[in-house]
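Written below as structure tokens is the structure these notes are about.
Protein chains: 2
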Amino acid sequence: MELLKQRIMKDGLVKAGNVLKVDSFLNHQMDIALFSEIGKEFYRRFMDCDVTKILTIEASGIGIACVTAQFFHVPVVFAKKSQSKNIDGEVFTSRVESFTHGRVYDIIVSKKFLGPDDRVLIIDDFLAKGSALEGLCKLVQDSGAELVGAGIVIEKGFQEGGKLIRGHGVRVESLAIIDRMDDVTGEIFFRP
Amino acid sequence: MELLKQRIMKDGLVKAGNVLKVDSFLNHQMDIALFSEIGKEFYRRFMDCDVTKILTIEASGIGIACVTAQFFHVPVVFAKKSQSKNIDGEVFTSRVESFTHGRVYDIIVSKKFLGPDDRVLIIDDFLAKGSALEGLCKLVQDSGAELVGAGIVIEKGFQEGGKLIRGHGVRVESLAIIDRMDDVTGEIFFRP
Chain S
7 MELLKQRIMK DGLVKAGNVL KVDSFLNHQM DIALFSEIGK EFYRRFMDCD
57 VTKILTIEAS GIGIACVTAQ FFHVPVVFAK KSQSKNIDGE VFTSRVESFT
107 HGRVYDIIVS KKFLGPDDRV LIIDDFLAKG SALEGLCKLV QDSGAELVGA
157 GIVIEKGFQE GGKLIRGHGV RVESLAIIDR MDDVTGEIFF RP
Chain L
7 MELLKQRIMK DGLVKAGNVL KVDSFLNHQM DIALFSEIGK EFYRRFMDCD
57 VTKILTIEAS GIGIACVTAQ FFHVPVVFAK KSQSKNIDGE VFTSRVESFT
107 HGRVYDIIVS KKFLGPDDRV LIIDDFLAKG SALEGLCKLV QDSGAELVGA
157 GIVIEKGFQE GGKLIRGHGV RVESLAIIDR MDDVTGEIFF RP
């Protein structure tokens, strides 16, 4: 997606340790006009899949998922990162390792909101090592729903997540795939 | 907002301890068509305030804030609940007590995204004891930005948050204010 790549090059900051900071438009401050274009593009790619529900994970996936859902006219469910008093009853659960935050946590979705009648599109902002996406795929699988695919805004193509998840037979559509970044020059190289 | 009140009465569940579960449409599964009507109503109430930025807090405020922002054509910034490796540099910070989760945590916003030129509308899903909203107001104040008000989806009118924040001179617009709930009969009484 050309508009997105241009924005990443303009406002993305490459930091040491293969960190890409896009917090000025994607995951802390959020450019909603850009989100609308992103949502439109996800719709273009998955519009024939009879999606009934969009699944994402808190926190930074929620905004993109909600704006995207407006094109599909379906509800969004977000996986929560820890058990809270407000979730009672039965939940689907999966374990996720966060390399950004350096910890392992459980993600949960109430069994009320995913089931065999659903055709689920997963939406998230980043795909790197793939742990969060793998956890979300497992929640969908456990629920008996059909997983139609995953829409990712930025994939770090030099990390193993994309290969891992596609290797499970999941259709992964990433709007920008980064093959290499240079934290000295600040250059970002996209997969053509 | 009549549509919202009807939905709360239809799908909200009153639990012991003054807990209102609205996780089927507001804060776990999210009805985006309803969010759009909510956003429209917030716009109607704050359209003359020259809002430049919407501020919310992760996680359940983000979806409503993003859909609302489409009417105002402004970016959304969400306060994060803990320091992560991906936030570097200077942040505004504030302490919040969560009664739902039974813990105290810091919320942070990068100083890059709030400043004296901003006119900020805070959006959140719930107002109960007011700790999260008070923390968000403090972030805005510390940044030197102008706080134009707070748009809340559901206010628990029988708890002290609304009185507390309005007492600080903040304009709080709640789309549904609940005066009383009965966890035996399941009845919900709204403020007229």
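Top line first, the protein sequences correspond to chains S and L. Counted the way the numbering used here counts, the first sequence spans residues 7 to 198. Counted the way the numbering used here counts, the second sequence spans residues 7 to 198. In this text, a Cβ means the ideal position worked out from N, Cα and C, and glycines have one as well.
- request: Go ahead and pull the three-state DSSP assignment for G18(L).
  value: Residue state, collapsed to three classes: coil.
task: Can you say whether L9(S) is buried or exposed, counting buried as having 16 or more other CB atoms within 10 angstroms of its CB?
output: That one is exposed.
task: Under 8 Å by Cβ, that's how I've got E152(L) and S180(L) pegged, so tell me the actual separation to the nearest angstrom.
output: About 21 Å separates the CB atoms of E152(L) and S180(L); that is not less than 8 Å, and the two are not in contact.
message: Quick check: what's the CA-CA separation for K27(L) versus D130(L)?
response: Approximately 16 Å between the Cα atoms of the pair.
message: Let's see if you can read the secondary structure: which residues bound the beta strand (DSSP E) around F132(S)?
response: Taken as a continuous stretch (DSSP letters only), the beta strand (DSSP E) holding F132(S) covers R125 to L133.
task: Take the Cβ of H79(S) as the centre, count every other Cβ of all protein chains shown within 10 Å, and call the residue buried at 16 or more, exposed below.
output: Taking all protein chains shown into account, H79(S) has fewer than 16 neighbouring C-beta atoms within 10 Å of its C-beta and is therefore exposed.
- prompt: First and last residue of the beta strand (DSSP E) that includes K59(S)?
  reply: Following the DSSP letters along the chain, one finds K59(S) inside the beta strand (DSSP E) bounded by residues K59 to I63.
query: For G150(S), which residues from the same chain have a beta carbon less than 7 Å from its beta carbon, with the 5 sequence-adjacent residues on both sides left out?
result: The answer, listed in chain order, is G121 and P122.
task: List the whole-angstrom C-beta distance separating V126(L) from V82(L), where the pair is believed to meet the contact cut-off of C-beta under 8 Å.
output: Contact doesn't hold; Cβ gap of about 11 Å is too wide.
query: So what's A182(S) in DSSP terms, helix, strand or just coil?
result: Strand.
task: Would you grab the beta carbon distance between S104(S) and L145(S) for me? Rounded to a whole angstrom, and I think it's under 8 Å.
output: The pair is not a contact, with the Cβ atoms about 16 Å apart (cut-off 8 Å).
- prompt: According to DSSP, which residues form a beta bridge with Q35(S)?
  reply: Paired residue(s): V83(L).
task: Note down the Cα distance separating G163(L) from A156(L), rounded to an integer number of angstroms.
output: Cα to Cα, G163(L) sits roughly 15 Å from A156(L).
- request: Starting from G5(S), trace the alpha helix (DSSP H) both ways and give me its first and last residue.
  value: Any question about residue 5(S) goes unanswered here, given that chain S covers just 7 to 198.
query: Cα separation between N92(S) and G23(L)?
result: Residue placement at N92(S) cannot be trusted, given a pLDDT of 49 that sits under 50; what the coordinates show is reported in the next sentence. Straight-line Cα distance between these residues: approximately 11 Å.
task: Please report the Cβ distance between G173(L) and L133(L), rounded to the nearest whole angstrom; I am assuming they are in contact, meaning their Cβ atoms lie under 8 Å.
output: The Cβ separation is near 13 Å, so there is no contact.
Chain-ordered chain L contacts of K118(S) [CB-CB under 9 Å]: The contacting residues are D29, S30, H34 and Q35.
message: Is it the case that the segment 39-56 of chain S contacts the segment 46-58 of chain L, given that we only count it when at least three CB pairs across the two stretches are under 8 Å?
response: Flag = no, the segment 46-58 of chain L and the segment 39-56 of chain S do not touch.
Proximity to V159(S) [Cα-Cα], best of F119(S), D17(S), D148(S) and I184(S): The shortest Cα separation from V159(S) among F119(S), D17(S), D148(S) and I184(S) belongs to I184(S).
query: I64(S) touches chain L at which residues, Cβ-Cβ below 9 Å?
result: The residue you asked about is not Ile; residue 64(S) is Glu in the sequence shown. The contacting residues are E64, A65, S66 and I68.
message: Quick check on A151(S): does DSSP put it in helix, strand or coil?
response: In the structure shown, A151(S) sits in coil (DSSP, three-state: anything other than H, G, I, E or B).
message: According to DSSP, is F195(L) part of a helix, a strand, or is it coil?
response: The three-state reading of DSSP puts F195(L) in strand, counting E and B together.
Where the segment 71-83 of chain S meets chain L: residues whose CB sits under 8 Å from a CB there: Hits within the stretch, in order: A71, C72, V73, A75, Q76, H79, V80, P81, V82 and V83.
field: Beta-carbon spacing of C143(S), I113(S) below 8 Å
entry: In this structure, I113(S) does not lie closer than 8 Å to C143(S) by Cβ.
field: Other residues of its chain near R109(L): CB distance less than 6 Å, five sequence neighbours each side excluded
entry: Scanning its chain for C-beta atoms nearer than 6 Å, with the 5 sequence neighbours on each side dropped, one finds no residue around R109(L).
- prompt: Does the beta carbon of S42(L) sit closer than 8 Å to a beta carbon anywhere in chain S?
  reply: S42(L) counts as touching chain S.
query: Comparing the C-beta of I158(S) with each C-beta of chain L, is any distance below 8 Å?
result: So, not an interface residue.
field: V20(L) versus H34(L): straight-line alpha-carbon distance, rounded
entry: V20(L) and H34(L) have their C-alpha atoms spaced approximately 16 Å apart.
- request: Say whether chain L places a C-beta atom closer than 8 Å to the C-beta of I171(S).
  value: Among the residues facing chain L, I171(S) is not included, as its CB has no counterpart in that chain under 8 Å away.
field: Contact with chain L by I38(S), beta-carbon distance below 8 Å
entry: It does: the Cβ of I38(S) has a partner Cβ on chain L nearer than 8 Å.
message: Output needed for R51(L): all residues of its chain with C-beta closer than 6 Å, excluding positions within five of it in sequence on either side, in chain order.
response: In the same chain as R51(L), and ignoring 5 residues on each side of it, the C-beta atoms closer than 6 Å to its own belong to E179, in chain order.
query: What do you reckon, are the CB atoms on V97(S) and S116(S) nearer than 8 Å?
result: Yes; because the gap between Cβ atoms is below 8 Å, this pair is in contact.
query: Could you check where the beta strand (DSSP E) with L26(L) kicks off and where it finishes?
result: According to the DSSP assignment, L26(L) belongs to the beta strand (DSSP E) that extends over V25 to K27.
message: Which of the three DSSP states is assigned to S30(L) in this structure?
response: The three-state secondary structure of S30(L), taken from DSSP, is coil.
task: Would you tell me roughly how many angstroms separate the C-alpha atoms of K87(S) and T62(S), rounded to the nearest one?
output: Here the alpha carbons of T62(S) and K87(S) stand approximately 11 Å from one another.
task: Report buried or exposed for F195(L), applying the criterion of at least 16 other Cβ atoms within 10 angstroms of its Cβ.
output: Exposed, since its Cβ has fewer than 16 Cβ neighbours within 10 Å.
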